[in-house]
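Asker: The structure under discussion is supplied below as structure tokens; questions concerning it will follow.
Residue numbers (the working numbering): 204 to 443.
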């Protein structure tokens, strides 16, 4: 995409994909119909983001709080994940996409854990594009799991620094998101990347996820590029 500020292009974009259920409801269809449409949008946006020069994309797929949803809907979401992987893994692998699944494996069925491991192993050496899928993920849960791993590694109060804790996060080794987008008009982060998004820019759009397009992604990036990111410091004009 052309840009007025090419030096301000986000390397890592994270998206809270929201609105599938409302999209389906507006069409008098069951919620699973919206989730199916949402998967099609995932395919488009992964390809679009890569073509536009984004290096890392993180998608919030299923949160630790989503277990409270009806069992039939949860089963449908899990089925869609399996379907997406089975249909797209080889294509993504051939395109050089490296996939990491963020989140806990606790509570997942053995076949789903096996599938997650296969996805990550198959694409482990790819370097063209990083795709993270936050599945059974919660920011608070991630921080708790990371802390427990640090303790298990015998880190003490003195040795446990920010850098050390980051090495135990699900996103270890990845850059923090520059831009977080949430669709559907909701204006909250819903326990997503609490540590990593400390200095991210946020864009909230009323567009429901199944309708989210390349143009919407470009608009969010343009919004991001117009902002002055100070990371707690003063801007150049304020210093002057």
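In this text, a Cβ means the ideal position worked out from N, Cα and C, and glycines have one as well.
In this text the structure is predicted, and so the values were computed from the model without any measurement.
(1) On the three-state DSSP scale, how would you describe residue 216?
(2) Measuring CA to CA, which of 391, 371, 354 and 335 is closest to residue 380?
(3) State the Cα-Cα distance for the pair residue 289 and residue 433, rounded to the nearest angstrom.
(4) Helix, strand or coil for residue 422, going by three-state DSSP, please let me know.
(5) Which term fits residue 293, buried or exposed, when burial requires 16 or more other beta carbons within 10 angstroms of its beta carbon?
(6) Which runs of the beta strand (DSSP E) fall wholly inside the segment 381 to 417 and span at least 3 residues, in chain order?
(7) Can you list, in chain order, the residues of its chain with a C-beta nearer than 7 Å to that of residue 280? Leave out the 5 residues immediately preceding and following it.
(8) Where does residue 262 fall in DSSP's three states?
(9) Just verifying my parser: in three-state terms, what is the DSSP assignment at residue 300?
(10) Give the range of the alpha helix (DSSP H) segment to which residue 329 is assigned.
(11) Using 8 Å as the Cβ pair cut-off and three pairs as the minimum, do the segment 349 to 362 and the segment 325 to 340 touch?
(12) Cβ atoms of residue 346 and residue 397: under 8 Å apart, would you say?
(13) Compare the C-alpha of residue 419 against each of 261, 251 and 365 and name the closest.
Answerer: From the atom records:
(1) Locating residue 216 in the chain shown gives position 13, where the first residue counts as 1. Strand, per DSSP.
(2) Working through the chain shown from its first residue, we reach residue 380 at position 177. Looking at the Cα atoms, 335 is the closest of the given residues.
(3) As a first step, residue 289 is located in the chain shown; it is residue number 86 there, counting from the start. As a first step, residue 433 is located in the chain shown; it is residue number 230 there, counting from the start. Using only the alpha carbons, I get a separation of about 42 Å.
(4) Stepping through the chain shown from its first residue, residue 422 is reached at position 219. In the structure shown, residue 422 sits in a helix (DSSP, three-state: H, G or I).
(5) The residue given as residue 293 occupies position 90 in the chain shown. Exposed is the call here.
(6) 382 to 385 and 404 to 407
(7) Residue mapping note: residue 280 aligns to position 77 of the chain shown, counting from 1. Same-chain partners within the cutoff: 238 and 265.
(8) On the chain shown, residue 262 is found 59 positions in, with the first residue counted as 1. It is a strand residue.
(9) Numbered from its first residue, the chain shown carries residue 300 at position 97. The answer is strand: DSSP assigns residue 300 an E or B state.
(10) Taking the chain shown and counting its residues from 1, the one referred to as residue 329 is at position 126. Element bounds for residue 329: n/a, residue is neither H nor E.
(11) no
(12) Here residue 397 refers to the residue found at position 194 of the chain shown. Here residue 346 refers to the residue found at position 143 of the chain shown. Yes. Within cutoff.
(13) Your numbering for residue 419 matches position 216 in the chain shown. Comparing Cα positions, the closest option is 251.
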